[in-house]
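Novice:
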Amino acid sequence: MERALARVDLGALRGNCERLRAELGGARLCAVVKANAYGHGAVDCARAASAGGATALAVATAGEAAELAGAGVAGMRGGDPGDVDLLTLGALTDDEVDVALGAGSAVGVWTEGFRQLLATRARALGGPARVHVKHDSGMGRLGSLDGEEVVALAAAVAADPDLELAGVWTHFATADEPDEDDGYFFAQLERFEPVAAAVRAAHPGVTVHAANSAAVFRSARSHLDMARCGIAIYGLDPFQDDPAARGLAPVLSLVSHVAAVKRFGAGQSAGYGRRWRAPRDTWVGVVPLGYGDGVRRALSNDCDVLVGGRRRPVVGTISMDNLTVDLGPDTDVEPGAEAVLIGRQGGEEIRAEELAARLGTINYEVTTALLPRVPRVPAGDP
Ligand SMILES: *Cc1c(COP(=O)(O)O)cnc(C)c1O
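Heads up, the sequence shown stops at 384 in the numbering used here, and the numbers go up one at a time, no gaps.
1) If we count the other Cβ atoms within 10 Å of its Cβ and call it buried at 16 or more, is L144 buried or exposed?
2) Which same chain residues end up closer than 7 Å to Y274 when comparing Cβ atoms and leaving out the 5 residues on each side of it in sequence?
3) If you measure from the CB of P245, is any heavy atom of ligand 1 nearer than 7 Å?
4) So, is D304 buried or exposed, given that buried needs 16 or more other C-beta atoms within 10 angstroms?
5) Pick out whichever of G65, L238, T63 and A203 has its Cα sitting closest to the Cα of A216.
6) Which whole-angstrom value describes the C-beta separation of L94 and G106, a residue pair presumed to lie in contact below a C-beta threshold of 8 Å?
7) For a test of your reading of the model: does the CB of R230 fall under 7 Å from any non-hydrogen atom of ligand 1? Yes or no.
8) In whole angstroms, what separates the C-alpha of H211 from that of V297?
9) Between which two residues does the alpha helix (DSSP H) harbouring Q190 extend?
10) Just the Cα atoms here: how many angstroms apart are Q118 and E150?
11) Which whole runs of the alpha helix (DSSP H) in the stretch 193-280 are 4 residues long or more, in chain order?
12) Got a sec? Which residues, its chain only, sit under 8 Å from A312 by beta carbon, not counting five neighbours each side?
13) In this structure, how does DSSP classify P83 when only helix, strand and coil are distinguished?
14) To the nearest angstrom, how far is the alpha carbon of A33 from that of D328?
15) Taking 7 Å as the cut-off, is the CB of K264 close to at least one heavy atom of ligand 1?
16) Quick one: Cα of F116 to Cα of A124, how far?
17) Confirm, please, whether the CB-CB distance from S255 to L291 is below 8 Å.
18) If I measure Cβ to Cβ from P331 and keep anything under 8 Å in the same chain, skipping five residues before and after, which residues do I get?
19) Compare the C-alpha of H173 against each of G110, V201 and A341 and name the closest.
20) For ligand 1, is there any heavy atom lying closer than 7 Å to the beta carbon of S221?
21) Measure the C-alpha to C-alpha separation of A50 and G269 and round it to an integer number of angstroms.
What follows is the structure, encoded as structure tokens:
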């Protein structure tokens with residue numbers, strides 16, 4: 003038995019990709035597997051996503067691109083595998099450029115200086131670099147704010163024998179906030195559309211992309227040629243609601259076990275700082291999982307764990323390697339019983355969205371925070 007593990011249901015991931023493809027109609031699905039697939043394990047998730055119909059994979063860093071290429075999942079054009087397109091989304095240092103190109107990844111470009119550096123490095127490495135020119139239509143982060151500069155950069159890329167123009171793209175700031183948004187999402191789309199149209203008119207084969215997961219559900223107008231979906235492929239809701247309402251199934255379960263069960267007298271305390279004392283005689287279970295695994299200490303005295311098909315409150319301070327739960331004054335829970343921190347047990351479910359709400363964050367951060375000490379164990383049929 004594992005001390006603790008993250009069960010990754012690759013069949014569910016594949017199903018979520020199929021669900022997104024149905025929503026997208028004819029547009030392509032690019033599965034975003036950055037940050038170790040939001041904590042789920044990049045290589046297995048990338049494989050399952052392509053089985054689910056994703057024809058492109060996106061990562062944030064050159065190291066992540068190299069991991070996928072090394073595993074033979076994507077990239078490495080001119081080398082071996084390569085039927086799934088790989089795109090590195092982030093800004094790259096000079097050293098990272100060589101790593102990304104070596105992995106066969108396309109890269110984003112938004113300045114003439116970087117375009118020239120890329121061409122020089124591509125020539126040295128012996129093959130053209132594929133480029134997606136990025137427009138900052140209002141995210142206020144990476145990309146050129148100037149639409150005319152984007153069109154000119156695309157032309158310069160297309161004219162350069164060491165570069166290949168593959169795409170033009172942008173990223174939304176408020177796709178997941180339809181209530182607070184005040185039209186900003188559509189204003190971004192309206193800024194991007196004429197820029198994309200001008201690039202497409204000059205370079206008809208180019209892939210135009212803007213949508214993240216939230217945008218896919220928010221407006222079909224944002225789908226364009228391809229959508230870059232992360233959170234939804236993991237069955238997590240981009241709007242922090244119930245993923246089932248959008249036909250998405252959570253992929254990750256965080257499972258451990260009850261390592262010890264002890265009788266507490268009223269007033270007896272559990273854990274550092276004595277931040278919980280038994281209000282009555284009770285049984286306390288110890289679960290060998292803590293912030294050293296990525297279970298945030300801020301959840302101390304403020305979340306539940308499923309044991310024996312029921313919610314049990316976490317009591318006391320979550321420590322690096324253990325947490326404690328109140329099993330109640332009468333219990334039939336024995337050491338070895340399964341303990342579920344995220345996922346289902348019996349008729350109960352604890353979703354990443356619930357933990358995120360308790361922590362004042364978003365589901366993305368809950369799964370991405372899981373540390374390497376927790377083995378990711380693939381389950382289900384990809
Ligand atoms: C992370 C990321 C995405 C995926 O966003 P989700 O909300 O997880 O679907 C898409 N595009 C860019 C540029 C990103 O950085």
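We put the CB at the ideal spot given by N, CA and C, even for glycine. The structure presented is a predicted model; accordingly, all values stated were derived computationally and were not measured.
Specialist: This is what the structure holds:
1) exposed
2) T319 and S321
3) no
4) exposed
5) L238
6) Incorrect: roughly 15 Å between the Cβ atoms, too far for contact.
7) yes
8) 35 Å
9) Y186 to A204
10) 18 Å
11) 215-220
12) First, the amino acid is wrong: residue 312 is Arg here, not Ala. Correct list, in chain order: G348 and E350.
13) Summary for P83: the model assigns pLDDT 47, below 50, so the residue's position carries little reliability, and this model does not support an answer.
14) 40 Å
15) no
16) 12 Å
17) no
18) R282, D283, T284 and W285
19) G110
20) no
21) 50 Å
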